[in-house]
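> The first sequence runs contiguously to residue 316 in this note's numbering. No residue lacks a Cβ here, since even glycine has one placed at the ideal position from N, Cα and C.
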Amino acid sequence: MQNEPSALKKFAPDVFEYLTTIPKGKVTTYGQIARDLFLSTPRLVGKILHQNPDSSQFPCHRVVFSDGRLAPGYAFGGAKVQEQKLRAEGVIFKKNKVDLSKCLF
DNA sequence: ATTAAGGCATGAA
DNA sequence: GTTCATGCCTTAA
Numbered sequence: 212m213q214n215e216p217s218a219l220k221k222f223a224p225d226v227f228e229y230l231t232t233i234p235k236g237k238v239t240t241y242g243q244i245a246r247d248l249f250l251s252t253p254r255l256v257g258k259i260l261h262q263n264p265d266s267s268q269f270p271c272h273r274v275v276f277s278d279g280r281l282a283p284g285y286a287f288g289g290a291k292v293q294e295q296k297l298r299a300e301g302v303i304f305k306k307n308k309v310d311l312s313k314c315l316f
């Protein structure tokens with residue numbers, strides 16, 4: 212029978228759209244997106260980001276931990292590349308962590 | 001006080 | 001029952 216689409220697939224377009232709403236020089240957290248999209252667990256957001264068809268299309272590198280730490284599984288070059296991208300966009304970095312106090316969307 | 005690193009707990013697939 | 005692109009807590013420097 213027709214099984215309902217998983218919440219992951221169901222919310223995937225919403226998450227990608229949310230990424231496009233993030234202004235340049237800003238970042239967001241998994242939990243932030245999860246709450247905004249009614250996702251029960253922020254882990255789903257991470258899984259959805261992993262479905263990202265194109266890193267240039269959706270700024271998945273603008274999504275970080277609530278602590279400001281970068282995700283360990285960035286599939287487009289690595290966390291260090293992510294940091295460089297964020298810095299290039301105008302995101303302020305505090306040592307190895309993102310300054311969510313200034314760049315959190 | 002602040003930054004860094006690691007571990008435990010939560011929820012969904 | 002297991003796996004996780006998380007979150008929060010604790011300890012270290």
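Let's see if you can read the secondary structure: which residues bound the alpha helix (DSSP H) around lysine 220?
What you label residue 220 is simply residue 9 of the first sequence in a count that begins at 1. Here the alpha helix (DSSP H) through lysine 220 covers 218-231.
> Just the C-alpha distance for arginine 280 and histidine 272, rounded to the nearest angstrom, thanks.
Numbered from 1 along the first sequence, position 69 holds the residue referred to as residue 280. Numbered from 1 along the first sequence, position 61 holds the residue referred to as residue 272. Approximately 12 angstroms, taken between the alpha carbons.
> According to DSSP, simplified to helix, strand and coil, what is lysine 306?
The residue you call residue 306 lines up with position 95 of the first sequence. Coil at lysine 306, not helix or strand.
> For glycine 242, which of Lys235, Pro234, Ser267, Leu260 has the nearest alpha-carbon?
What you label residue 242 is simply residue 31 of the first sequence in a count that begins at 1. Measuring from the Cα of glycine 242, the nearest candidate turns out to be Leu260.
> With three or more C-beta pairs closer than 8 angstroms as the rule, is the region 220-230 touching the region 247-262?
Remark: three or more beta-carbon pairs, one from each stretch, lie closer than 8 angstroms, so the region 247-262 and the region 220-230 are flagged as touching.
> Can you find the residues in the same chain that come closer than 7 angstroms, C-beta to C-beta, to glycine 301, ignoring five residues on each side of it along the sequence?
Sequence index remark: in the first sequence, residue 301 carries index 90 (1-based). So the list reads Lys235, Gly236, once near-sequence residues are dropped.
> My output table needs one value for leucine 315: the three-state DSSP class, helix, strand or coil.
Within the first sequence, the letter at position 104 stands for residue 315. Reduced to three states, the DSSP call for leucine 315 is strand.
> Which residue spans inside the region 250-309 form an unbroken alpha helix (DSSP H) run of at least 4?
Entirely contained in the region 250-309, the alpha helix (DSSP H) runs reaching 4 residues are, in chain order, 253-260, 290-300.
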